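Protein chains in written order, with the numbering used here: chain A, 1 to 596; chain B, 597 to 1192; chain C, 1193 to 1545; chain D, 1546 to 1898. Backbone N, C-alpha and C fix where the C-beta goes; we use that ideal spot for every residue, glycine too. What you are looking at is a predicted structure, and each value in this text was computed from that prediction instead of being measured. Right, one structure below, let's go through it.
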Amino acid sequence: MSSQNDFSFKIATVNGTGSASANTLLMQSIFRMGIPVTGKNIFPSNIQGLPTWYEIRVSKDGYNARPAEIDFVVAMNPETYKQDVKTVRDGGYLMYDSSWPLAEELHRENTTVLGVPCGELCVKTFERDRDRVLLRNIVYTGALAAFLDIDLDVISELLREKFGKKPKVLEMNFTAVKLGYDYAKKNYTCPLPFSLKRMNATSEHILIDGNTAFGLGAVFAGATVGAWYPITPSTSLMDAFTAFCQQYRTNADGTKNYIIIQAEDELSAAGMVIGANWAGARAFTSTAGPGISLMQEFIGLAYYAEVPWVCVDVQRVGPATGMPTRTQQSDLFSCAYASHGDTKHICLYPADPGECFTMAPQAFDLAELFQTPVFVVSDLDIGMNDWMIPRLEWDDTYVPNRGRVLNADDLAKLEKWGRYQDTGGGIPSRTLPGVGGKGAFFTRGSGHNLNGVYTEDSPEYKAVLDRITLKFKTAANAVPKPIVASTGNDVGVIAIGGTNGAVTEAVAHLKDQGITVDYMRIRGFPFGDEVVEFLENHERIFVVEQNRDAQLRSMLMIETNTNPNKLLSILDYAGLPLTANVVVDAVAGQMAGVQS
Amino acid sequence: MSSQNDFSFKIATVNGTGSASANTLLMQSIFRMGIPVTGKNIFPSNIQGLPTWYEIRVSKDGYNARPAEIDFVVAMNPETYKQDVKTVRDGGYLMYDSSWPLAEELHRENTTVLGVPCGELCVKTFERDRDRVLLRNIVYTGALAAFLDIDLDVISELLREKFGKKPKVLEMNFTAVKLGYDYAKKNYTCPLPFSLKRMNATSEHILIDGNTAFGLGAVFAGATVGAWYPITPSTSLMDAFTAFCQQYRTNADGTKNYIIIQAEDELSAAGMVIGANWAGARAFTSTAGPGISLMQEFIGLAYYAEVPWVCVDVQRVGPATGMPTRTQQSDLFSCAYASHGDTKHICLYPADPGECFTMAPQAFDLAELFQTPVFVVSDLDIGMNDWMIPRLEWDDTYVPNRGRVLNADDLAKLEKWGRYQDTGGGIPSRTLPGVGGKGAFFTRGSGHNLNGVYTEDSPEYKAVLDRITLKFKTAANAVPKPIVASTGNDVGVIAIGGTNGAVTEAVAHLKDQGITVDYMRIRGFPFGDEVVEFLENHERIFVVEQNRDAQLRSMLMIETNTNPNKLLSILDYAGLPLTANVVVDAVAGQMAGVQS
Amino acid sequence: MTSIAKPPVKHPSLRKNGLGLTTRDYEGAMSTLCAGCGHDSVTAALITAFWELDVPPHKAAKMSGIGCSSKTTAYFMKQSHGFNSVHGRMPSVTSGANAANRSLTYIGISGDGDSLSIGLGQLCHAIRRNVQMLYVIENNGVYGLTKGQFSASADVGSTAKRGEANQMQPIDPVLLALTLGATFVARSFSGDKAQLVPILKAGLRHNGFALIDVISPCVSFNDHEGSTKSYKYTREHEVEIAAADFVPLRKEISQEQGAAGGLTSVTMHDGSIVRFRKTAADYNPTDRGAAYTHVKHCIDKGEVATGLLFMEGGSQTEMHTLNKTVKTPLVDLAHKDLCPGNAQLQELMGEYR
Amino acid sequence: MTSIAKPPVKHPSLRKNGLGLTTRDYEGAMSTLCAGCGHDSVTAALITAFWELDVPPHKAAKMSGIGCSSKTTAYFMKQSHGFNSVHGRMPSVTSGANAANRSLTYIGISGDGDSLSIGLGQLCHAIRRNVQMLYVIENNGVYGLTKGQFSASADVGSTAKRGEANQMQPIDPVLLALTLGATFVARSFSGDKAQLVPILKAGLRHNGFALIDVISPCVSFNDHEGSTKSYKYTREHEVEIAAADFVPLRKEISQEQGAAGGLTSVTMHDGSIVRFRKTAADYNPTDRGAAYTHVKHCIDKGEVATGLLFMEGGSQTEMHTLNKTVKTPLVDLAHKDLCPGNAQLQELMGEYR
Ligand SMILES: Cc1ncc(C[n+]2csc(CCOP(=O)(O)OP(=O)(O)O)c2C)c(N)n1
Ligand SMILES: Cc1ncc(C[n+]2csc(CCOP(=O)(O)OP(=O)(O)O)c2C)c(N)n1
Ligand code: SF4
Ligand code: SF4
Ligand SMILES: [Mg+2]
Ligand SMILES: [Mg+2]
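Structure (structure tokens):
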């Protein structure tokens, strides 16, 4: 099996040893060669000393899902040799650091083993311990350049961009690349049967992670207040927002057009965001599952008192602390139905960093329009891995949709104003503190009537709750519409979020096998008309999701009354990004069962 | 419309003025006369000075649902006259305190108005302000005794039991009863067309509220640790547990065989209960919606780390702070699917105080057997109102089912022990701190394998989660079975919890109208085989529940894949206990629609 | 007419303040608290304080958690926005509101349950962030709204209505605030309006977090013999340590006459002056350590130290000051001042290749 | 072999303790913390302390929240049950476990993030309840596990790795605990095992809540120049105020030789004695007020006061003592001692008619 620009490799290292930058360098080099590439970082919930893997997929067709098979494993961590050897596909290759010879029992048939003494080469060449550890990563990068035909000029260019101001460091890096490159060239036939060749498929693209993209989108959307509590995998989102604010929102006199508060916990972060939105700012928080659980009470308050806010849930593996550095789509329920009592919330489901960016202004617009919490339900894979996506664009004609906010002039025209009266579509109008007069009102999470006055009267209470229900119905057709790829088949596939790459690829592969299916990717909750139509128009529908309990399928049933018998689950919840074959196998298997 | 032992009346007063004890006295008198009676207290979320109502239903047939119609309103609170007048049924009666004359516009056609100057009588008779306020309630009690033919001897007996040790107080109470009684007798034809007559239908019964019953049940079940944070309507549950512990668990030397901790909040209460159960005690907490929201993170921890605990959710009206003194069944989702990630929890749904008592030991047994959180999902109506139920009985042969707890001897017989290995039905075995040796293990909410060792390995993680899924399946047939009343009809009704009285009554009324339906009351989650059978065996099923979002119906769909088209919702969520006519009207209406 | 006759809250006069408003303009909804509840007196004092300070009602925001005390925000200044949030979390909601709009006067009202149990963490962190607000704890030693359980401020030995004595040591919000570096710390008594009003005024003008612990008896559950938070007990054990005259900037001179005895002056960030009239010998309300020692000493003697106990004038650590937030409230910034635009974005995109 | 060579934690000897166990028997799983992390030194000190105290490993329970620090419970005493709970909530879980089984020795390990941010309320209330446990804060001024954000214990001016300085005032757990009435308060340094071990021992035997704030540098995120929680800074600014010799009951005399200089003795509830060897003049570790003033004074001077700073012997306010809980652990009571039985129930039913 020989292939150009269509293979995958994986590097096994130890975290905290500098391998992360080497791996980024590899991925970036391939990207700069114009070849579509994706990287998935599989790292431990610890700071230093534990196994970590980086999977790079090169795909001339632009598939970005996690690869089902690894052609080439670079085993730099002796502790995981044993398991790493097993993950090479039959007929694949294994490179390892031969400074520590591989035990006999670890060899595998049907795999070509390539020893490169990276550690030894470093020890011979560099003096300081620290350099030896760090540059070992650059040595394997050099070796890979030889094995895979990575353009050395591109690597050099990247190193120069990075270390341009530190000539000695740059020099050492060049040396290290050379060490690996030369050793490989000298001792093995290079390149391997799969290798790289320049293309021109990435010039309009960027490499970015979803957390960065959302942080950037929040700046463009006009968010001025961020409140958060650190938690993997959402931390880098607020870090990005902070950095972009520093860059774009610092005035000449050093004053800031924003404030970002590291709260004492997620309850406090939620409270701050609610307070800030109530006062009229666009404010948001980002968190992960445990934070969503802690925010439940506040979410219900905002729902019922109708205070807008935006919360990004970068999902990780639950339940409980779970696996903080693994990915899952298992907070769908916790977000959509958050809090006690009858509550439902608007959710947006970005599929990649590009949508993290575009959904940022959408989230704020929806939150303010509907005066309710809005969740952007991302995940670790989207949020923390670098994805190749088209350059981001901003429409300069964008005007924030602040919804029905009445100022003093608006109020002057009204004889009487009631905070929770329906002004159309179940949506009330609101005022901001400072307006006074008949615009002043008392926000409360306890029973209130359509005018915001405290009540314990059943019909009054019910009138407000029913209006909120109506509002939610209106929202169903205001959230981003699903992306539907239909050729009029009876069989459909539904997915959300980050599995889109794998499902898209699966649909193509299925077609190659003669199985054609329609595909709908849902992007918002509540479900709009298009979602209902798709459900109605298909006889059998596979619902692909990364959780154990078929949460999306459940939501579809609950909200649309779809007959459960036609909704077939494809569940994958072990913590890694989805691979296309899981979907292909499940669909093909089912279809075969039906046809036979 | 004249009737004996079959009518309802309502007393409108102001809270904090002593009316609560007068109303209890009225209800108890009727009960002591051997007549089935139910009382519903509709009180404000405040301590003093706001309107409050007490509805008493007398039903020779033993129906205990909230009455759909009020035959007789006792309007003691001038502030609510206006609305109280409206709630009298056509042809009904209104008594009011004529010390403050009723404004002309408040009179109503088709209603007989009976003025009794309770206040004035008190002012004339009693000297101290405090007595005048308090005894005004006893005066209306006396008037009602005349109007309804309540046995004065029974009232006297009850007063004597209560004030026997305070002869002066007793005396004044007697006087007050007489004042009202004589005034009514003298000025009106007594009794009214509806009145009371001794029966013998209550001798094997008691009057008790669900919170008291659960507190008592927890003592009998062997709970030794209670941790809680005050919140309406659950506060009186831990108060009852405390009182019963003081009574039954204090040793001769004054030491206590229990500890009850008022925690600083619900998060802490949950943590304490988890810690105590982990250490081997039967420990529980009680709370309401906001507390359930705050406990979400801890619930997920206990689910995934498999630590037993029991939590009573005495539901009130949500979302948010909502109406703390009104009733609802709107935390079904928040309990069953509590916490982020994939989680499902055992829930028990008592229908009345009797089941609050019997479900206490069941809850602890299930929690320990399945090593998981168990929710007892009660509500304000069950928890805080006095219900007439058969005397409680305790089976002295009861032995707590502690589940698979291995002690040192058990461990000695094993070669190796793994905390999260399946020992049958998906249930692992556990050990308690103090056992040491191979029984020692590390409890964590982060990824762990079947031996409890930390893991970030996908298959290892999945193995544990899948075993928990299996365990949950096993639990489906271990929770209390539903109560099914079937005569083989195509149409069924499903309900849970405190609406049982109303639904039972509705089924009877429907039968009178020629509409026969089967009825299943679900008592536990996950749903067992009987529930599935009922769903399968009926063509059309009405799901009655007290929430807006059809949470029970949703759970039935999700868990059993029942076709949603056959599940019709009857929703009632305005905060008051359900009345039978809501169900009758909905079912009859639908059936008519189908037939025509 | 309810059967409980409640005297309407009395206001000294219908005089007009600098804005031409009378105290009526600072009133709110009818109180639904128990007749005689200390919290209603605090409400009355707040009305006076806001009125005397000429705060335009619509420029104030009334924040609270859940409890009888937290309800009181509804009973004054109906022209202000109010936010009755969730139990114990008012500090975070207020911090966020203040982050967004620094131009309002924030008054947060809480109870001892709301602040010292469920909300303790948030209170401490709002102090640490030095969020500009006046934080009033209406402290009655019990959870009023849930019917009288002991709170964390209940003194050892103080008895509940049914007679049992509290055994656990109390958390004293004043000592706590002093330890956490609060820049304005006071204690007062709902029954002492003369003392309370000037302290409230000073707190409202303080540039940072101002904490006032107001002993505010609960007549329904904690005003009996044996309680240490009753009217009687507080009156008998109150020791005024440092009285404050608050002197708003532009009235500086006219109020001079109020001063007498040894005076310490602290100038606030806006130039207004607080004068401490020491009623306890040797009391220096600008010395944190001394304040702590003194208050602790009073507690040990069973005395309730009241007055403006500690204050740092012109605080440099207020949240926005540390953050260097622009002076214009963030809510008033136009989108164009916030959005970098597509040209900048395209430039940035180069860095992601 | 990983590329990071970590020296295995060394133990002084394989001597046997009173139970015939060596320190090996007190070890746990291999640490996965960074090489050089202060927390691993605390682990080593704990192993020594438990071993020297002859605590049977299975009679101890190791409790923690979430964080690098909270992971350390896995790295000692694998024969003990351990509970790595949720972030900031270890105090409540431990309180509950202790409520159920008072016969175990509870060691709670937390971080400054876990204890002073999300967990601040629970920490304060566990102190207030005086739950018997040794509560160790492994304090590094940052959130290690989430990669180095400042925690609430970061000093003003202390810089992060990328250079920005913390601006907010720190929360000092020692002053806080003294204010809240903690009955045992100490501070130490992970790099000073000689000081740490006796304090741990005394804390483990204290009849009530014992708090030890251990400065425990984070080599990955807070051990650089500019940090005030680095090894270097702590070594240079540490001032030992009061050293403790812990004298277990039955070894009272043999250890006498360790004492020198002015000694204050405090007798603990079980008769064992803690001797404070004062290294700072005039320091009286049984005077809460003095301890507070002194520690505050050190902080103001930029010094880190270490040692056993305050202690009340034979505490009468320990949770079970106040509750009058039966001596037998509740978990050991038989159901028959707990269940009143049907006869009693039937008698009771009469009251509900
Ligand atoms: C999360 C949550 N838990 C519990 C409650 C119930 N609750 C309402 S007010 C209150 C205590 C109020 O005490 P305090 O703050 O002292 O106010 P007071 O009524 O004494 O003025 C409690 C526990 C609640 N509303 N929310
Ligand atoms: C509810 C919740 N929020 C956030 C986190 C993420 N988190 C894990 S550890 C940690 C901070 C740990 O800091 P500290 O307690 O100081 O421990 P250290 O790592 O510094 O030893 C945070 C914020 C979490 N696990 N749970
Ligand atoms: S219960 Fe107490 S605190 Fe609440 S309103 Fe009444 S007196 Fe005030
Ligand atoms: S990150 Fe810091 S606290 Fe965590 S293990 Fe490494 S050195 Fe220790
Ligand atoms: Mg209170
Ligand atoms: Mg830390």
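Notebook entry, point to check: Is there at least one Cβ from chain D nearer than 8 angstroms to B/Glu989's Cβ?
Noted result: B/Glu989 counts as touching chain D.
Margin query: Please report the straight-line C-alpha distance between B/Ile1118 and B/Pro1078, rounded to a whole angstrom.
Written below: Spanning the two alpha carbons is a distance of roughly 4 angstroms.
Next item on the list: Pick out whichever of A/Ala320, A/Ser286, A/Gly289 has its Cα sitting closest to the Cα of B/Phe894.
Entry: Residue A/Ala320 is the option with its Cα nearest to B/Phe894.
Notebook entry, point to check: Closest by CA to A/Thr202, which one among A/Glu69, A/Val307, A/Pro36, A/Met238?
Noted result: That would be A/Pro36, whose Cα lies nearest to the Cα of A/Thr202.
Next item on the list: Find out if the Cβ-Cβ distance for the pair C/Gly1417, C/Thr1471 is shorter than 8 angstroms.
Entry: One point to set straight first is that residue 1417 of chain C is Glu, not Gly, in the sequence displayed. Against a cut-off of 8 angstroms, the Cβ pair of C/Thr1471 and C/Glu1417 comes out as no contact.
Checklist line | Nonlocal neighbours in the same chain, by C-beta distance under 8 angstroms from B/Ile1023, ignoring five residues either side | finding: Cβ neighbours of B/Ile1023 beyond the five flanking positions: Leu965, Phe966, Gln967, Gly999, Arg1000, Lys1067, Thr1070.
Note to self: Could you check whether the Cβ of D/Thr1535 sits closer than 8 angstroms to any Cβ belonging to chain A?
What the structure shows: Because chain D here runs from 1546 to 1898, residue 1535 of chain D falls outside it and cannot be looked at.
Checklist line | Short CB-CB distance (under 8 angstroms) between D/Gly1886 and chain B | finding: Interface flag for D/Gly1886 against chain B is set, since a Cβ pair is found closer than 8 angstroms.
Note to self: At the level of alpha carbons, what is the spacing between D/Gln1712 and C/Leu1514?
What the structure shows: Approximately 7 angstroms, taken between the alpha carbons.
Next item on the list: With a 10 Å radius around its C-beta and 16 neighbouring C-beta atoms as the bar for buried, classify B/His703 as buried or exposed.
Entry: The residue in question, B/His703, is exposed, as its Cβ has fewer than 16 Cβ neighbours within 10 Å.
Next item on the list: Find the residues of chain C that neighbour A/Thr224, judging by a C-beta separation of less than 9 angstroms, and give them in chain order.
Entry: Neighbours of A/Thr224 in chain C, taken as residues at a C-beta separation under 9 angstroms, are given in chain order as Ala1291, Ala1292, Leu1522, Val1523, Leu1525, Leu1530.
Next item on the list: Tell me whether C/Ala1411 sits in a helix, a strand or coil according to DSSP, three-state version.
Entry: Sequence check: residue 1411 of chain C is Val here, not Ala. Of the three classes helix, strand and coil, the one that applies to C/Val1411 here is coil, per DSSP.
Margin query: Taking 7 angstroms as the cut-off, is the beta-carbon of A/Cys631 closer than that to any non-hydrogen atom of ligand 2?
Written below: It is not possible to answer for residue 631 of chain A, since the shown part of chain A is limited to 1 through 596.
Check: Looking only at its own chain, which residues have a Cβ that is under 6 angstroms from the Cβ of A/Ala586, when we skip the five neighbours before and after it?
Finding: Within the same chain, A/Ala586 has close Cβ partners Ile570.
Margin query: Does the beta-carbon of C/Asn1332, which I'm using as the reference point, lie nearer than 7 angstroms to any heavy atom of ligand 5?
Written below: At least one heavy atom of ligand 5 sits closer than 7 angstroms to the Cβ of C/Asn1332.
Notebook entry, point to check: The alpha helix (DSSP H) spanning B/Ala877 covers which residue range?
Noted result: Here B/Ala877 belongs to no alpha helix (DSSP H), and DSSP marks it neither H nor E.
Check: Would you say A/Ile150 and A/Ser3 are within 8 angstroms of each other, going by their C-beta atoms?
Finding: No, the pair does not count as a contact, with Cβ atoms beyond the cut-off.
Note to self: Counting only Cβ-Cβ distances shorter than 9 angstroms, please list the residues of the region 933-961 of chain B near chain A, keeping chain order.
What the structure shows: For chain A, the residues of the region 933-961 of chain B that bring a beta carbon within less than 9 angstroms of one of its beta carbons are Tyr933, Ala934, Ser935, His936, Gly937, Asp938, Thr939, Lys940, in chain order.
Next item on the list: Using a Cβ cut-off of 9 angstroms, pull out every chain D residue sitting near C/Gly1303, in sequence order please.
Entry: Near C/Gly1303 there are no residues of chain D at all, since even the closest Cβ is about 16 angstroms away, more than 9 angstroms.
Item checked: Proximal chain C residues relative to B/Asn642, where beta-carbon distance stays under 9 angstroms -> Per Cβ cutoff of 9 angstroms: Thr1224, Leu1225, Cys1226, Cys1260, Lys1263, Leu1337.
Note to self: Would C/Ser1277 pass as an interface residue toward chain A - the criterion being a Cβ-Cβ separation below 8 angstroms?
What the structure shows: For C/Ser1277, the nearest beta carbon of chain A is closer than 8 angstroms to its own beta carbon.
Check: Got a sec, what are the start and stop residues for the alpha helix (DSSP H) A/Ala221 sits in?
Finding: 210-221 is the span of the alpha helix (DSSP H), which, as asked, contains A/Ala221.
Next item on the list: List the residues of chain D that B/Ile895 touches, going by C-beta distances under 7 angstroms, in chain order.
Entry: Those do not exist, as B/Ile895 stays about 10 angstroms from chain D at its closest Cβ, beyond 7 angstroms.
Check: Based on Cα-Cα distance, which residue from C/Thr1214, C/Asp1347, C/Leu1525, C/Tyr1218 lies nearest to A/Asn251?
Finding: Residue C/Leu1525 holds the alpha-carbon nearest to the alpha-carbon of A/Asn251 among C/Thr1214, C/Asp1347, C/Leu1525, C/Tyr1218.
Margin query: Quick check: is any heavy atom of ligand 8 less than 7 angstroms from the C-beta of C/Pro1362?
Written below: With respect to ligand 8, the structure offers nothing, as its ligand set consists of ligand 1, ligand 2, ligand 3, ligand 4, ligand 5 and ligand 6.
Item checked: Cross-chain neighbours of C/Arg1546 in chain D, by beta carbon under 8 angstroms -> The structure shown has nothing for residue 1546 of chain C, since chain C only spans 1193 to 1545.
Item checked: B/Gln644 in three-state terms, based on DSSP -> Three-state DSSP puts B/Gln644 in coil, outside helix and strand.
Margin query: Please return the same chain residues whose Cβ sits closer than 8 angstroms to the Cβ of B/Val684, not counting the five positions on each side in sequence.
Written below: Once the five neighbours on either side are set aside, the close Cβ partners of B/Val684 are Ile666, Asp667, Phe668, Val669, Leu690, Arg704, Thr707.
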